[in-house]
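Undergrad:
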Amino acid sequence: PDRERLYRTLREHPRLAHLPPPPATLTLRTWLVFMAETVAASMLHWIGKPLLLWWAGLLVLWALVEVLTPILYRFLL
1 PDRERLYRTL REHPRLAHLP PPPATLTLRT WLVFMAETVA ASMLHWIGKP LLLWWAGLLV
61 LWALVEVLTP ILYRFLL
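For what it's worth, our numbering labels the leading residue of the sequence shown as 1, then goes sequentially.
Structure below.
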């Protein structure tokens with residue numbers, strides 16, 4: 001019961017929803033796999049999303065420069 005309540009809390013919490021659930025049986029191997037999954041999920045969530053947004057912003061900026069440069073040249077020259 002306590003484990004199910006913990007799982008439900010972890011799944012429903014907005015800041016922890018991206019993390020994998022804890023292992024059902026606790027051995028060294030399952031704990032190491034759980035820690036690796038947690039670190040990977042956190043890195044993807046907290047670092048991957050901003051990097052993706054930054055690259056998307058850079059792509060939009062490049063597209064704007066590519067589109068607006070010929071238009072500006074036409075009006076300025």
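Every residue, glycine too, gets a C-beta built ideally from N, C-alpha and C.
Return the first residue and the last residue of the alpha helix (DSSP H) that L16 is part of.
TA: L16 -> no alpha helix (DSSP H), and no H or E assigned at all.
Undergrad: Would you call the region 16-24 and the region 41-49 touching, i.e. three or more CB-CB distances under 8 Å?
TA: Verdict: yes, contact present.
Undergrad: Taking the straight line between their C-alpha atoms, what separation do you get for L51 and V60?
TA: One C-alpha to the other measures close to 14 Å.
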